[in-house]
Amino acid sequence: MSMTRGEGGRGDLSGGPRAKCRGRFGTVMLEGTQLTRFLRTVAWLGLLVACRLLVGPDTVSAISRQIVVAGNGPEQPVIRELGMAFEKANPGTAIDIEWDKNLKPVQMVKSGRAQIAVTGMSDPELKAIPIAWDGVAVIVNFANPVNEVTSEQVRGLFTGAIQRWSELDGSDARVEPIRRPPDRNLQGFEQILGIGDQLTASTTVMRSDDSVLRAVSGKATAVAYMSLSAALEAQEQGIPIRVLMVDKVDPGEPTVKDGRYKLRRPVLLLTGKEPDALTEAFTAFARSTVGQQIVDTMFAAYTTQAEQTEQA
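Each residue of the sequence shown is one higher than the one before, starting from 111 at the first, in this note's numbering.
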């Protein structure tokens, strides 16, 4: 596996330079929870020996040996581990990962520079394979006394209808909302709330999760939204933020998976309408039992509406 890693990696608040690491499994720095996930993947590799036939020996010999998976969001650790596990199960194949906050993965697939784009938004020109659910966290500084909000209050915070925290029983300070660029995976947050064309002009725009975490942890009046998995990991690392309860539902993997927590987005693999055999094999692996076990270390494994109804 070869990998390009930029500021999009989670848990890195240094804003350090972009680095390229090349090798069969990628050479990257693994710290904290990333190391824990890596060790889990190593344990799963024994399972993968028995899963060698996921794509079948005849198919493996017929498919091209290399594909490029591109992304710019918080999904990088899971995609890396899926790539490592797939290569282990299918010797001779290579899953190259191109990842940076400034990449435009959908355009890369359309132009042929990548075979798979990892995103949270579908595209009518591409085929979408859902592999996970990721909650969207509404976060504030830990010193902010506000603990929970309603969906309507979330709308108010980002549209300017609520301008002071005292309106939510907080301090008498001005609300300073932070939003994300329209090309980011979290664009669906604004669509869920129906506020895409109503956002206050004074909203600060920040591209990466790391930038958002620095801003919110350093400013008691800020409010922002980001990947729930990234926000929960930041809390585990001691970053002083709070994830707000929304509509009396505590955000977490169970409530995201069964749909009770409404602020969520799908994690999608976008391919061409007629993907090659290796691309199809990798997306099928991501949806397989073993692939979903890997996905579940960071996100909620994907469930359909019917499955969510059964779980309720």
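Each residue gets a CB set at the ideal place from its N, CA and C atoms; glycine is no exception.
Source: prediction; values computed, not measured.
Quiz prompt | Which listed residue (Q176, V178, I177 and V188) has its alpha carbon closest to that of A410 | solution = V188
Quiz item: If you draw a straight line from the C-alpha of P201 to the C-alpha of V228, how long is it?
Solution: 23 Å
Quiz item: Just the Cα atoms here: how many angstroms apart are S321 and I239?
Solution: 29 Å
Exercise. Over the uninterrupted beta strand (DSSP E) stretch that includes I226, give me the two end residues.
Key: I226 to T229
Exercise. Please classify Q176: does DSSP put it in a helix, a strand, or coil?
Key: strand
Exercise. Work out the CA separation of L388 and G362 for me, nearest whole Å.
Key: One alpha carbon belongs to G362, the other to L388, and they sit about 33 Å apart.
Quiz item: Just reading off the alpha helix (DSSP H) that V219 is part of, what are its end residues?
Solution: P215 to S221
Quiz prompt | Cβ distance (whole Å) where P234 is taken to contact A224 below 8 Å | solution = Between P234 and A224 the beta-carbon gap is near 18 Å, outside 8 Å, which marks them as no contact.
Exercise. Let me know the secondary structure DSSP gives M408 once reduced to three states.
Key: coil
Self-check item: the ligand MN heavy atom lying under 6 Å from the CB of D368
Solution: Looking at this structure, you won't find the ligand MN or any other ligand, since it has none at all.
Self-check item: Own chain residues within Cβ distance below 7 Å of F252, not counting five before or after
Solution: P350, I351 and R352
Exercise. Count the other C-beta atoms from every protein chain shown that fall within 10 angstroms of the C-beta of D282, then say buried if there are 16 or more, exposed otherwise.
Key: Under this definition D282 is an exposed residue.
Exercise. Output the boundary residues of the beta strand (DSSP E) element that contains G245.
Key: K237 to N251
Quiz item: In terms of DSSP beta bridges, what is R317 paired with?
Solution: DSSP output for R317 lists no bridge partner at all.
Exercise. Report the partner residues of S337 according to the DSSP bridge assignment.
Key: V246
Exercise. Specify, as a first and last residue, the run of the alpha helix (DSSP H) that T365 falls within.
Key: E363 to K367
Exercise. Could you tell me which of E191, D206 and L373 sits nearest to A180, measuring between CA atoms?
Key: D206
Quiz prompt | Sheet register partners of I351 (DSSP bridge) | solution = N251
Quiz prompt | Local conformation of A271 per DSSP, three classes | solution = coil
Quiz item: Do the CB positions of A247 and A330 come within less than 7 Å of each other?
Solution: no
Exercise. Measure the alpha-carbon distance for G266 versus P287 and round it to whole angstroms.
Key: When rounded, the distance between both Cα atoms is 10 Å.
Quiz item: What span of residues does the beta strand (DSSP E) with R375 cover, start to end?
Solution: R374 to T381
Quiz item: Hey, how far is the Cα of M408 from the Cα of L378?
Solution: M408 and L378 have their C-alpha atoms some 14 Å from each other.
Self-check item: Selected residue, minimal CA-CA separation from E384, among K220, E191, F196 and G245
Solution: Restricting attention to K220, E191, F196 and G245, the CA atom closest to the CA of E384 is found in K220.
Practice problem: Could you tell me the distance, in whole angstroms, from the CA atom of L236 to the CA atom of N257? | Solution: 40 Å
Quiz prompt | Y412 versus R374 - alpha carbon distance | solution = When rounded, the distance between both Cα atoms is 12 Å.
Self-check item: As assigned by DSSP and simplified to three states, the class of G202
Solution: coil
Quiz item: Any idea what DSSP makes of E185, helix, strand or coil?
Solution: Of the three classes helix, strand and coil, the one that applies to E185 here is coil, per DSSP.
Quiz prompt | Exposure label - D386; buried when at least 16 CB within 10 Å | solution = exposed
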